[in-house]
Each structure stands twice: as C-alpha cells, then as structure tokens.
C-alpha cells in the first residue's frame with residue numbers, strides 16, 4: 263500500500279469487531295490514508311452507539327461513520343465509494359462499467375443479502391422477542407452466509423475475470439466486503455470446504471498489509 | 263422522462279411485486295430506456311427463480327437481473343449504478359462526491375438495513391424454521407422499516423440539501439430505493455405519521471411518470 267499520509271480532517275468512528283467498520287478500515291489502508299480512529303463500543307453499557315454524542319454524528323446509531331471536514335457519512339459502502347472518488351488511486355473499482363457492475367454485484371451480495379441477516383441488532387431481536395436460542399441463531403447465520411457464499415463461489419469460480427482477488431489481481435470493493443464476511447463465517451463455524459475460491463482469495467488478501475492491518479485483532483480497541 | 267427508445271439488447275428479469283425489481287424499473291424509466299421485461303414468478307410452483315433456466319442467468323436466484331448484450335448483472339443497485347454509467351443523462355447521483363455519498367448513504371439505509379429484513383425468503387425462514395406467526399412477522403417488518411424510516415426522516419428533515427426529492431428537486435438513487443420501500447411499509451400497515459418528510463417525497467415522486475409507470479400494479483405480470 264502507499265506510504266501513509268496523515269489526514270487529520272478524517273475521523274473514522276468504528277468498533278474493532280464490526281465487519282462494516284472493518285471494510286472501511288481496509289479501504290483507508292488501501293488508499294494509504296490515516297484517519298483518526300474513534301472507537302464506539304457496541305456492547306458496553308447499553309451500547310455507546312446509542313448515546314447522544316454518537317447519535318448526533320450518526321442518527322442510525324450504527325458504525326462506521328466517516329467524518330470529513332465536519333461532514334458525517336454513514337454506511338460503509340457509501341464511505342468506500344466516497345473515498346474512491348476523492349482519492350482515486352489505487353482504484354477500488356475497475357475502470358470499465360461491466361467490471362464495476364460485476365464488483366458491485368459481488369459486494370452487494372454480501373452487504374445486502376448476507377451481512378444484514380447476521381448483525382448484532384437483528385440477532386438481539388431474534389433472542390429477545392422471538393426467544394430463539396443460541397444454537398438456532400448460529401444455524402440461522404450459517405444458513406444465510408452459506409447461501410450467499412454458494413452464489414459467490416459460483417460467480418467467482420466460473421468467471422475468467424476472477425484472479426488472485428475477486429476481480430483480477432488487485433483488491434476491489436468485492437474483496438473489501440468478502441474478507442470481513444469470511445471472519446464472520448468462521449466465528450459461527452461455517453464449514454468453508456464448499457467455497458474453495460473464497461478461501462483462496464481470503465488467503466491471498468491476508469498477505470496484503472492493508473487487509474492485515476485492518477483485522478479486528480490489530481485495532482487499538484480489540485479485546 | 264425522456265421519450266423512450268427501444269433497446270432490444272437490454273432485458274430485465276423481474277417480478278411486479280419485488281421492490282428490488284421496482285427500483286430497476288424506475289431507473290430504466292428515468293433514463294427513458296425500454297428494456298424487454300421477462301417476468302419471473304416468485305411464488306408460482308416452488309418459485310420460478312429457482313428453476314434451472316433462471317439460475318443460469320442469476321445463480322443467486324433473486325430478481326432483478328439485467329442482461330445487456332449477453333452479460334447478466336444481478337443486484338438492483340449494481341444494475342442502477344451501471345445504467346447511470348452507460349446512460350449518464352439524466353444523472354441518478356449528484357455530481358459532487360459529498361452529494362453522492364449522501365444519496366448513497368440514504369439508499370443503503372434502505373437497501374442494506376431495511377429491505378433484507380423483510381424480503382420473501384427471510385420471512386419464509388421465520389415461518390418455516392422458527393414457527394413465527396403472521397402477526398409477529400408483520401411486527402418484525404414494521405420494527406425494521408420503522409427503525410430505518412426514523413433515521414431517514416431525521417437525515418432528510420434536518421438537511422438543507424433535501425428538496426422535493428431526497429436530494430434536491432430531481433430524483434436520485436435515494437428516491438429509487440425509498441418509493442418501493444414505502445409501498446412495502448403500507449403493505450404491513452406501518453403508521454407513517456412519524457415520517458412526514460418521507461410521505462411528502464413519496465407524494466411528489468408518484469406524480470412523476472417514471473415512478474408511476476414502474477408501480478407493481480402497472481406491470482404486465484400484475485395480479
């Protein structure tokens with residue numbers, strides 16, 4: 263990755279274990295941008311994301327939020343597209359519209375159809391309102407991750423556009439979404455044997471310092 | 263909207279009631295593009311989206327899919343960004359990066375944090391595996407839609423950038439996501455009184471022929 267340049271006007275509110283914040287960290291690292299990190303502890307007390315200070319930054323009470331010169335941007339994919347527009351190098355999307363569509367499709371399969379079904383607040387609803395036990399909640403998570411991963415494996419394995427990363431040999435938005443989701447899959451003990459292409463891409467990505475430095479365990483707020 | 267031009271190389275697989283397909287129809291209409299529509303009945307038999315013919319087009323077995331010159335693109339937001347890149351006028355995103363980030367944030371609040379929690383396959387899981395009854399499923403839907411709508415109402419009501427549409431006076435990706443989600447909210451009888459800005463924008467959007475023509479009831483496969 264490019265050598266980091268401090269950008270004091272950029273602040274990233276996140277949480278070490280949030281996979282959406284993990285995505286934003288990878289993107290910043292790939293761009294070689296150092297943002298000031300402000301941890302928001304999602305489990306401490308009733309969750310710091312619900313406190314007035316943070317709600318004024320992000321009324322959705324979710325992480326991450328990027329603040330740039332006083333403007334707050336929520337939603338990890340909006341943050342990443344924004345970073346890619348204001349810091350174009352290295353690009354996080356291909357140059358050609360079909361390639362961009364392919365990468366966005368792969369990313370949205372994760373961001374729209376996998377991740378929302380295993381985030382914290384949804385799991386708390388299943389537990390507290392529907393009395394769904396821990397094993398059944400883990401099974402629910404494995405179901406949705408597995409369904410999405412099957413699609414991704416098919417799309418990636420059958421396309422000549424797939425390289426060492428999801429699209430060619432350089433990381434894109436698709437890899438930025440995939441790697442945190444792989445960590446979530448391992449956390450709920452999903453069997454990854456049916457997804458050899460995903461495992462191969464993950465192994466390669468984790469040799470890249472931008473991904474490695476963004477891992478939850480390498481954050482200052484890691485427990 | 264611009265006068266329609268037939269683009270025989272564009273095919274949209276959809277379903278009249280799918281809000282993701284509804285989004286893609288609005289975008290095509292705003293661009294003045296006539297795509298060949300191929301209905302995929304999500305409820306007939308075991309669901310036509312699971313049949314081999316459609317799986318070869320979209321291995322995720324979801325609608326919509328746009329096929330352009332033989333290349334298939336899944337995920338409604340990937341389709342819309344693609345259309346906006348290959349047919350730039352009228353734009354579906356603002357020109358400035360901060361404006362684009364704002365519109366994408368609004369769109370993803372719906373596409374990532376509301377819609378996936380009330381789509382068909384997820385509701386079938388709640389019913390069939392967790393034995394969640396119809397009333398509780400509707401309450402679940404109202405909960406997630408209401409939570410997202412509260413955020414949207416706050417973000418829209420407090421910003422001088424909000425106009426007759428979500429961002430200024432022309433429709434963008436945010437409105438394309440909002441209008442179908444409003445239809446879903448009405449279907450589960452969510453009280454919309456707390457969201458006057460959303461209701462106002464919806465009323466205005468439905469006077470626009472691109473939105474009106476994309477309504478589920480105006481599709482050839484409507485029941």
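Residue numbers (our numbering), protein chains in the order written: chain A, 263 to 485; chain B, 263 to 485. Backbone N, C-alpha and C define an ideal beta-carbon position, used for all residues, glycine too. If you're wondering where the values come from, they're calculated on a predicted model, not measured in any experiment.
Check the Cβ of residue i against every Cβ in chain B and list those closer than 8 Å, keeping chain order.
{"i": "residue 205 of chain A", "result": "The requested residue 205 of chain A does not occur in the structure, where chain A is confined to residues 263 to 485."}
{"i": "residue 289 of chain A", "result": "Under the 8 Å cutoff, chain B gives no residues; its nearest Cβ is about 13 Å from residue 289 of chain A."}
{"i": "residue 286 of chain A", "result": "The premise fails here: residue 286 of chain A is roughly 12 Å from chain B at the closest Cβ pair, so nothing lies under 8 Å."}
{"i": "residue 472 of chain A", "result": "Within chain B, no residue comes near residue 472 of chain A; the closest Cβ sits about 21 Å away, beyond 8 Å."}
Would residue i and residue j be called neighbours here (beta carbons separated by less than 8 Å)?
{"i": "residue 410 of chain A", "j": "residue 376 of chain A", "result": "yes"}
{"i": "residue 328 of chain B", "j": "residue 348 of chain B", "result": "no"}
{"i": "residue 429 of chain A", "j": "residue 389 of chain A", "result": "no"}
{"i": "residue 463 of chain B", "j": "residue 437 of chain B", "result": "yes"}
{"i": "residue 304 of chain B", "j": "residue 352 of chain B", "result": "no"}
{"i": "residue 326 of chain A", "j": "residue 280 of chain A", "result": "yes"}
{"i": "residue 452 of chain A", "j": "residue 395 of chain A", "result": "no"}
{"i": "residue 288 of chain B", "j": "residue 473 of chain B", "result": "yes"}
{"i": "residue 286 of chain A", "j": "residue 318 of chain A", "result": "no"}
{"i": "residue 354 of chain B", "j": "residue 362 of chain B", "result": "no"}
{"i": "residue 459 of chain A", "j": "residue 398 of chain A", "result": "no"}
{"i": "residue 345 of chain B", "j": "residue 435 of chain B", "result": "no"}
{"i": "residue 515 of chain B", "j": "residue 471 of chain A", "result": "In the structure as shown, chain B begins at 263 and stops at 485. Residue 515 of chain B is therefore absent and cannot be evaluated."}
{"i": "residue 298 of chain B", "j": "residue 324 of chain B", "result": "no"}
{"i": "residue 343 of chain A", "j": "residue 366 of chain B", "result": "yes"}
{"i": "residue 433 of chain A", "j": "residue 467 of chain A", "result": "yes"}
{"i": "residue 392 of chain B", "j": "residue 392 of chain A", "result": "yes"}
Would you mind working out which of the options sits nearest residue i, comparing C-alpha positions?
{"i": "residue 368 of chain A", "options": "A:322, A:439, A:465 and A:290", "result": "A:439"}
{"i": "residue 477 of chain A", "options": "A:392, A:448, A:442 and A:398", "result": "A:442"}
{"i": "residue 277 of chain A", "options": "A:294, A:316, A:295 and A:399", "result": "A:316"}
{"i": "residue 385 of chain B", "options": "B:372, B:370, B:403 and B:408", "result": "B:403"}
{"i": "residue 275 of chain A", "options": "A:300, A:475 and A:282", "result": "A:300"}
{"i": "residue 371 of chain A", "options": "A:303, A:393 and A:415", "result": "A:415"}
{"i": "residue 401 of chain B", "options": "B:447, B:319 and B:295", "result": "B:447"}
{"i": "residue 373 of chain A", "options": "A:359, A:357, A:406 and A:350", "result": "A:406"}
{"i": "residue 444 of chain A", "options": "A:345, A:290 and A:457", "result": "A:457"}
{"i": "residue 295 of chain A", "options": "A:450, A:323 and A:330", "result": "A:330"}
{"i": "residue 461 of chain B", "options": "B:412, B:345 and B:381", "result": "B:412"}
{"i": "residue 360 of chain A", "options": "B:432, B:332, B:308 and B:306", "result": "B:332"}
{"i": "residue 382 of chain A", "options": "A:454, A:469, A:311 and A:455", "result": "A:311"}
{"i": "residue 417 of chain B", "options": "A:334, A:307, A:302 and A:485", "result": "A:334"}
Quick one: which chain E residues come within Cβ less than 7 Å of residue i?
{"i": "residue 373 of chain B", "result": "Here the protein chains are A and B, and chain E is not one of them."}
Quick one: which chain B residues come within Cβ less than 9 Å of residue i?
{"i": "residue 392 of chain A", "result": "388, 392, 394, 398 and 402"}
{"i": "residue 484 of chain A", "result": "Here the premise fails: no neighbours, minimum Cβ distance about 25 Å."}
Along chain A, which residues have their Cβ under 8 Å away from the Cβ of residue i?
{"i": "residue 316 of chain B", "result": "Residues of chain A passing the Cβ test: none, with the nearest at roughly 13 Å."}
{"i": "residue 475 of chain B", "result": "Near residue 475 of chain B there are no residues of chain A at all, since even the closest Cβ is about 24 Å away, more than 8 Å."}
Using the DSSP secondary-structure output, state which residues sit across from residue i in a beta bridge.
{"i": "residue 274 of chain B", "result": "B:299 and B:328"}
{"i": "residue 336 of chain B", "result": "B:327"}
{"i": "residue 430 of chain A", "result": "A:424"}
Kindly list, in the order they appear in chain B, the residues whose Cβ is closer than 7 Å to that of residue i.
{"i": "residue 370 of chain A", "result": "337, 339 and 340"}
{"i": "residue 360 of chain A", "result": "333"}
{"i": "residue 378 of chain A", "result": "374, 375, 378 and 379"}
{"i": "residue 297 of chain A", "result": "Under the 7 Å cutoff, chain B gives no residues; its nearest Cβ is about 15 Å from residue 297 of chain A."}
What residues of chain A sit near residue i, judged by a beta carbon separation below 9 Å?
{"i": "residue 456 of chain B", "result": "Residues of chain A passing the Cβ test: none, with the nearest at roughly 14 Å."}
{"i": "residue 283 of chain B", "result": "Within 9 Å Cβ-Cβ: nothing; residue 283 of chain B doesn't reach chain A, min ~14 Å."}
If the cut is a Cβ gap below 7 Å, which residues of chain A does residue i touch?
{"i": "residue 384 of chain B", "result": "379"}
{"i": "residue 467 of chain B", "result": "In chain order: nothing, as chain A lies at least about 21 Å away."}
Please indicate yes or no: does the CB of residue i lie closer than 7 Å to some heavy atom of the ligand MN?
{"i": "residue 304 of chain B", "result": "As for the ligand MN, it is missing from this structure, which has no ligand bound."}
Would you list, in chain order, the members of the region 321–351 of chain A that have their beta-carbon closer than 7 Å to a beta-carbon of chain B?
-> 321, 322, 333, 335, 336, 337, 339, 340, 343, 344, 347 and 348
Using a beta-carbon distance cut-off of less than 7 Å, what residues from the region 408–426 of chain A approach chain B?
-> 413, 416 and 417
Short-range partners of chain A found in the region 435–456 of chain B, where Cβ spacing is below 7 Å | none
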